[in-house]
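Step one of this worksheet: look at the structure below.
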Amino acid sequence: MALFLTWESGHVPEEGYVVTSSLSALTLSYRKEPAGHLYHLFALKQTGLHEESEEEDTAADDEAGAKSRSSSVNDFSSLDEEATSGTKWKGKGKKKGKKKGHGDLYALLGLQNERWMATPDQIRLAYRKSALLHHPDKQGIPSGDEVGKQEAEDKFKAIQEAYETLFDPAKRREFDSLDEFDDSLPGEVESAEAFYTVYGQAFSRNSRWAVHQPAPTLGDDTSSYEEVDKFYDFWYGFKSWREFPHPDEEDIEQAEGREHKRWIERINAKLREKGTKAEARRIRELAEKKATQKERAALRRVWAAQTDLHAAVDEDAVEQLCAGLALAQLRDLNAELSRVGAELEERLAALDARLATVRLLQKALDKWPAGTAKRWEVVQGYVRTRTTDEILDMVKHGLKAHAARAVPQTYEVAAKRQGNTVIRSEATERHTSFTDVDVPAVNGSKPGTASPEAAAPVQWTEAQELALIKALKVVRKEVPDRWEVVSSLVPGRTKADCFTRFKQMKAAHKAKTGK
Numbered sequence: 014m015a016l017f018l019t020w021e022s023g024h025v026p027e028e029g030y031v032v033t034s035s036l037s038a039l040t041l042s043y044r045k046e047p048a049g050h051l052y053h054l055f056a057l058k059q060t061g062l063h064e065e066s067e068e069e070d071t072a073a074d075d076e077a078g079a080k081s082r083s084s085s086v087n088d089f090s091s092l093d094e095e096a097t098s099g100t101k102w103k104g105k106g107k108k109k110g111k112k113k114g115h116g117d118l119y120a121l122l123g124l125q126n127e128r129w130m131a132t133p134d135q136i137r138l139a140y141r142k143s144a145l146l147h148h149p150d151k152q153g154i155p156s157g158d159e160v161g162k163q164e165a166e167d168k169f170k171a172i173q174e175a176y177e178t179l180f181d182p183a184k185r186r187e188f189d190s191l192d193e194f195d196d197s198l199p200g201e202v203e204s205a206e207a208f209y210t211v212y213g214q215a216f217s218r219n220s221r222w223a224v225h226q227p228a229p230t231l232g233d234d235t236s237s238y239e240e241v242d243k244f245y246d247f248w249y250g251f252k253s254w255r256e257f258p259h260p261d262e263e264d265i266e267q268a269e270g271r272e273h274k275r276w277i278e279r280i281n282a283k284l285r286e287k288g289t290k291a292e293a294r295r296i297r298e299l300a301e302k303k304a305t306q307k308e309r310a311a312l313r314r315v316w317a318a319q320t321d322l323h324a325a326v327d328e329d330a331v332e333q334l335c336a337g338l339a340l341a342q343l344r345d346l347n348a349e350l351s352r353v354g355a356e357l358e359e360r361l362a363a364l365d366a367r368l369a370t371v372r373l374l375q376k377a378l379d380k381w382p383a384g385t386a387k388r389w390e391v392v393q394g395y396v397r398t399r400t401t402d403e404i405l406d407m408v409k410h411g412l413k414a415h416a417a418r419a420v421p422q423t424y425e426v427a428a429k430r431q432g433n434t435v436i437r438s439e440a441t442e443r444h445t446s447f448t449d450v451d452v453p454a455v456n457g458s459k460p461g462t463a464s465p466e467a468a469a470p471v472q473w474t475e476a477q478e479l480a481l482i483k484a485l486k487v488v489r490k491e492v493p494d495r496w497e498v499v500s501s502l503v504p505g506r507t508k509a510d511c512f513t514r515f516k517q518m519k520a521a522h523k524a525k526t527g528k
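Counting in my numbering, the sequence shown runs from 14 upward without gaps.
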């Protein structure tokens, strides 16, 4: 059979030909047909007529995380060197997540209120009760109800899995770490009552993660220094049992052996390290927030107590310091203010004591004026807080001569000047006492007792002093019984009175002239 190609001459173009299409390059073709289960599943997904089941979700998650797991294994390739030489392992797959519909294991056992505070005995009793209550054989399901039987069996299996998880300390610790928890930190509070309430609840809430129990509470204004120090030591060195499972962790139950298990544990620990460090920073930030709030309150109290500073430093400036300074800077500032305040209080206390001494000295000088026998010993016995030399310096440099009032504003106690002291004669002995005040002796012996006759010494009048001076000029040293003659010329005075008064006047003249 032969085929002949024919054409109509009228349809031939003027050029003699026409291009209707061009040949393409050779392409590689796969001999595949759009058929099979996967093709139909893909087509249903594109049209939106297919819903993925839990198993398909898990498979998709495993496929999506395969690259992430492989990169994680490469990052920790150094850990392989610790294993047996020549031994290499591959990831067996991620851990299985919680099954949807049975996520709350505590609720399955009826412990939704106790949760992480439930004891092992409570978990055991709750499991027995739930197992008896939800056993498939005790549900009264008809024999033909296959759906009801399957639901009862699924719930009973979920209860068993919940008990296995919560009764295992490691698995329960991981489950409790994923439980819902408020990680937020409190902010600034105004009053002290609100501070202890807000921060007390925050510390109490976070104490559930503490390894060492019971955790110290925040306390209040009446807490002792030991309690406060113990509180900060605990929270700054806080040790948490909280875990942070990573979505790319390997399932340790699929390990091939002991070395493989250790290898998986090291990789999982590396993956959890980021969350553990973030938790440590969060707890430390909570403790620092409390400490910062305390330092700010201390700074405000110092400013409020110093009313004289309000004109120079207003409240806005104090608030700017509280908001702008870090914890360490606030501590340094408060420590410096405390030091300056303590130093100022010491100076004020010393000034008050000095003023009290000056007032007491002025009172003593008014009570025992010039001319009193053993005046400075009597004054020293009255003041008691200063020695005789110090009293003489105070009178000479801090009090105006013959003035009735002291000048405490410009008074400064002069230092003892004993280096240039020259003893010109032997010390004289006083055989008669003219004071009713117990005066301690210079050599440290016990103070003497004044005689009853000298209980009320008579002061020298101006007329008696003038008579004594005239008598001393008239009666010379050569006159026998000179003091008896002098006393006869001074009205109302005895021989001893005249002699003692002469010594006092002579000592006063030497002290004044320095000769």
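All C-beta atoms, glycine included, are put in the ideal place defined by N, C-alpha and C.
Asked                                                                                                             : Found
Buried versus exposed call for histidine 225 [16 or more other C-beta atoms within 10 Å across all chains shown]  : exposed
contact_flag[the stretch 492-503, the stretch 350-369] where n(CB pairs < 8 Å) is 3 or more                       : no
Selected residue, minimal CA-CA separation from valine 499, among Leu346, Ala484, Thr60, Gln214                   : Ala484
Alanine 220 and alanine 228 closer than 9 Å at C-beta                                                             : The amino acid at residue 220 is misidentified as alanine; the sequence shows serine. Result yes, Cβ atoms of serine 220 and alanine 228 sit closer than 9 Å.
Simplified DSSP assignment, three categories, for glutamate 193                                                   : coil
Proximity test, phenylalanine 251 beta-carbon vs the ligand ATP heavy atom, cut-off 8 Å                           : No copy of the ligand ATP occurs in the structure displayed, which carries no ligand at all.
Counted within 10 angstroms of its Cβ, other Cβ atoms place histidine 24 as buried (16 or more) or exposed        : exposed
DSSP beta-bridge partners of alanine 223                                                                          : Ser253
Coarse secondary structure for glutamate 166, derived from DSSP in three states                                   : helix
Closest Cα partner of leucine 338 within the set Glu359, Ser351, Thr305                                           : Thr305
Own chain residues within Cβ distance below 7 Å of tyrosine 52, not counting five before or after                 : none
CB of alanine 139 within 9 Å of CB of glycine 123, strictly                                                       : yes
Helix, strand or coil at valine 25 according to DSSP, with G and I counted as helix                               : coil
Classification of threonine 207 by the beta-carbon crowding that lies within 10 angstroms, buried from 16 upward  : Here residue 207 turns out to be alanine, not threonine, going by the sequence shown. Under this definition alanine 207 is an exposed residue.
Own chain residues within Cβ distance below 8 Å of proline 26, not counting five before or after                  : none
Whether aspartate 189 touches tryptophan 248 by CB criterion (9 Å)                                                : no
Residue span of the alpha helix (DSSP H) that contains methionine 518, given as start and end                     : 508-526
Tyrosine 176 burial status per 10 Å Cβ neighbour count (16 or more: buried)                                       : buried
CB of alanine 291 within 9 Å of CB of phenylalanine 251, strictly                                                 : no
Status (buried if at least 16 other CB within 10 Å, exposed otherwise) for threonine 385                          : buried
Rounded C-alpha distance that separates proline 421 from lysine 302                                               : Per-residue confidence for proline 421 stands at a pLDDT of 41, beneath the threshold of 50, marking its modelled position as unreliable; no derived number is given.
Among Glu187, Pro47, Arg137, nearest to threonine 289 - alpha-carbon criterion                                    : Glu187
Through-space distance from leucine 373 to glutamate 475, alpha-carbon basis                                      : 27 Å
For serine 156, three-class secondary structure by DSSP                                                           : coil
Histidine 148 (DSSP reduced to helix, strand or coil)                                                             : coil
Beta-carbon gap between phenylalanine 180 and arginine 137 smaller than 9 Å                                       : yes
Of the listed residues Pro182, Ala183, Asp150, nearest to aspartate 167 (C-alpha basis)                           : Asp150
CA-to-CA distance, isoleucine 404 to alanine 416, given in whole angstroms                                        : Annotation note: pLDDT 36 at alanine 416 (below 50); position unreliable, coordinate value reported separately. Those two C-alpha atoms are separated by around 16 Å.
Whether arginine 294 touches glutamate 262 by CB criterion (9 Å)                                                  : no
Rounded straight-line distance, which links the Cα of lysine 283 to that of histidine 259                         : 10 Å
Cβ neighbours of phenylalanine 512 in the same chain (closer than 8 Å, five flanking residues each side left out) : Trp496
DSSP-derived helix/strand/coil call for asparagine 347                                                            : helix
The stretch 209-223 in contact with the stretch 262-278 per 3-pair CB rule at 8 Å                                 : no
Boundaries of the alpha helix (DSSP H) in which asparagine 281 is found, first to last residue                    : 271-318
Coil, strand or helix - leucine 198 by DSSP                                                                       : coil
Cβ-based neighbour list, alanine 131, same chain, cut-off 6 Å, excluding 5 preceding and 5 following              : Leu124
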